[in-house]
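Working notes, beginning with the structure itself.
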Amino acid sequence: MQTSAPLYYLKRVVGADNQSMLPSPRTSEPSPNELLCEAPAGVDRLELMRWRTRSWQALVSSLACFVMVIVAGRITAQSLVDASELSIERFALTRPMGDTAEASVDATLSMPRLSFGAALRGTQLILKYGESPVGTLTAGNWIPLGYGGEVKLTLAGLISVTHYDAFKHLAAHMILHDNLTLGLRGGLTLGVPPIPLPVGAALVREVALRGAAGLGLHITYFSFRDGLPEEFPERIAPLPLMLEIEVEVHNPSSFDFSPLGQLQLGIASESGLRFAMVRTNGEVDLPPGLSQLHLRGELVVADEDLPAFGPMMGDYIQGREIPLQNVFLSSTEPLYHKALGGIPLKAKLPGLKGGNRSRIFERVLLRINPAANAWEL
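Residue numbers 10 to 386, in the numbering used here, belong to the letters of the sequence shown in order.
Put into structure tokens, the structure is as follows:
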């Protein structure tokens with residue numbers, strides 16, 4: 010049988026003449042191992058096998074070098090993170106949406122000096138209060154770190170609350186105390202030239218932040234007035250008395266909430282006698298520094314509390330300072346409604362003669378029936 014290209018294969022023949030490696034016409038299909046030894050026409054088979062061996066060696070060496078570079082990059086990145094200190098100046102939450110809010114964290118990173126420029130390529134951190142996780146902070150913005158030293162940076166991303174009990178404890182501590190500690194656990198993605206790919210490093214830190222110290226509430230205006238028909242469209246006269254309050258809020262903390270929502274608070278005496286429930290005029294912010302709250306609501310005193318409420322107002326009229334306790338009841342933002350509910354805030358109501366803009370009634374209306382009360386008149 011004639012073929013256009015006769016096939017040959019290597020066959021060892023051991024005979025009396027000790028001849029070997031004799032070519033022989035193919036009588037069966039080649040095995041897979043034999044096909045690997047096939048060489049194209051005009052190519053030396055032994056040289057091809059040597060070339061393949063060198064190629065595999067070069068590939069394995071390249072992969073080994075790449076792995077070593079990545080490992081060296083991770084070690085370098087981790088050593089940078091371990092030797093760095095992080096301080097947070099401002100922790101802002103904006104645009105709350107259910108269990109999440111947009112976060113912007115202004116911080117200072119103090120790190121060793123570098124002979125090359127580095128960059129922070131991504132962040133995914135678990136926020137902890139004590140031993141309990143609160144939520145996660147994910148930031149993907151690219152932040153150049155330059156050549157190290159003291160670097161001002163802003164992490165912008167999304168915070169998601171996963172454990173509301175811990176979030177509530179964190180909020181209460183932040184509002185009522187001078188300082189607090191926030192735990193950061195998670196990963197950073199760093200660009201460390203001349204490594205061609207970003208490398209990861211683990212961050213484990215306890216960061217100190219300033220608390221709000223009770224918000225330093227100062228009542229600047231306190232007044233009763235008659236309720237207006239448009240405020241109580243479904244009620245008939247006599248309408249209840251309305252309480253209007255203006256409060257200065259001092260927030261020295263690192264936190265900035267914008268917006269905090271429309272707040273509802275209960276107003277009570279230091280002994281727990283609640284006499285009013287007030288709301289803010291629309292949504293309010295809680296930025297660092299000084300801000301104003303305008304509150305109004307209905308004066309509501311239970312019949313059994315009237316004997317105690319009368320002397321308290323008498324002290325107020327006589328110019329004595331009245332300690333008050335304000336309790337967060339609700340917020341129109343679900344994220345803060347779950348966190349702030351039940352947190353007490355202390356304030357002091359200056360007495361009527363204390364020089365503040367307080368007045369006991371804005372308007373008093375007397376109704377007299379001359380025919381019925383002629384003898385009294």
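Ideal Cβ positions, reconstructed from N, Cα and C, are used throughout, including at glycine.
- The shortest C-alpha to C-alpha distance from I97 to any of L361, G306, S263, G166 is the one to S263.
- A straight-line Cα-Cα distance of about 6 Å links R288 and L274.
- The closest CA to that of D312, considering only L304, V336, F284, is found on F284.
- Here DSSP, grouped into helix, strand and coil, assigns T62 to helix.
- A direct Cα-Cα distance of roughly 18 Å separates A181 from V293.
- A straight-line Cα-Cα distance of about 14 Å links P247 and E239.
- Two segments are said to touch when three or more pairs of C-beta atoms, one from each, lie closer than 8 Å; by this definition the segment 339-351 touches the segment 164-179.
- Taking all protein chains in view, the Cβ of D187 is surrounded by fewer than 16 other Cβ atoms within 10 Å, so the residue is classified as exposed.
- In this structure, G223 lies near L185, with their beta-carbon atoms less than 7 Å apart.
- In this structure, DSSP gives I245 a state outside helix and strand, which the three-state scheme calls coil.
- In the DSSP assignment, Q133 is bridged to T147, G196.
- Here V90 carries a helix assignment [DSSP, helix/strand/coil].
- Sixteen is the threshold: when 16 or more other Cβ atoms of the shown chains lie within 10 Å of the Cβ of Y325, as they do, the residue is buried.
- Inter-residue distance for E253 and R234 is about 8 Å (C-alpha atoms, whole angstroms).
- Residue environment: T62 is assigned as exposed (fewer than 16 neighbouring CB atoms within 10 Å of its CB, all protein chains considered).
- Apart from the 5 residues on each side of it in sequence, G225 sits with its Cβ closer than 6 Å to the Cβ of H259 in its chain, given in chain order.
- In the structure shown, G225 falls within a helical segment according to DSSP collapsed to helix, strand and coil.
- Per DSSP, N290 has no beta-bridge partner at all.
- Per the C-alpha coordinates, the member of T229, F231, L193, I228 positioned closest to A217 is L193.
- Contact between the segment 314-333 and the segment 138-152 is not established, with fewer than three Cβ pairs separated by less than 8 Å.
- Only residues of its own chain outside the window of five on either side were considered, and among them E342, L344 have a CB closer than 6 Å to the CB of P105, listed in chain order.
- I228 has its alpha-carbon roughly 14 Å from the corresponding atom of G328.
- Straight through space, the alpha carbons of A210 and Y230 are spaced by roughly 54 Å.
- In this structure the segment 152-163 lies against the segment 104-119, because at least three pairs of beta carbons, one per stretch, are closer than 8 Å.
- Only exposed fits G323, as fewer than 16 other CB atoms lie within 10 angstroms of its CB.
- Here N290 has H303 as same chain residues with Cβ atoms under 6 Å from its own Cβ, once five neighbours each way along the sequence are excluded.
- A distance of 7 Å or more separates the beta carbons of G200 and Q133.
- A356 counts as buried, since no fewer than 16 other beta carbons sit within 10 angstroms of its beta carbon.
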